[in-house]
Amino acid sequence: MQTDRAVMVEEIVDYVKFLRLQVKVLSMSRLGGAGAVAPYVTDTPLSSIEDIIHQAMENQETLLTTRKSSFEVELEAKRKLVEELDIKQREKLSHLMF
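Each residue of the sequence shown is one higher than the last, beginning at 1 in UniProt numbering.
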């Protein structure tokens, strides 16, 4: 699991680097020089991008855990309700039979 996450983060960081380069090249070609946009794009340190990605992944994991917990609670409540209904139904049938 951790290896998969590390590989995913690495791929995202590489993709962000690629996008930065694209913006820089496009800025240079359209503006005829270094470009006014490129410095703003390339000034963001990759470490902060990695931190944002890690935080987003942790948030997603927390959300999934919360959803799973609430799903399990709901499922347990439904199971108990079905058991209670089943018991009541059996009691009714047993009264009819005797």
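Where is the CB? At the ideal position from N, CA and C, for every residue including glycine. Bear in mind that the values here come from a model prediction, so they are computed numbers and not experimental data.
Q | C-alpha gap between Ser48 and Glu84, whole angstroms | A | 54 Å
Q) In or out: Ser27 buried (at least 16 other Cβ within 10 Å) or exposed? A) buried
Q) Does the Cβ-Cβ distance between Glu58 and Val9 come in under 9 Å? A) no
Q. Would a check of beta-carbon distances place Ile87 closer than 9 Å to chain D?
A. The structure shown contains no chain D; it is built from a single protein chain.
Q: Confirm, please, whether the CB-CB distance from Val13 to Ile53 is below 9 Å.
A: yes
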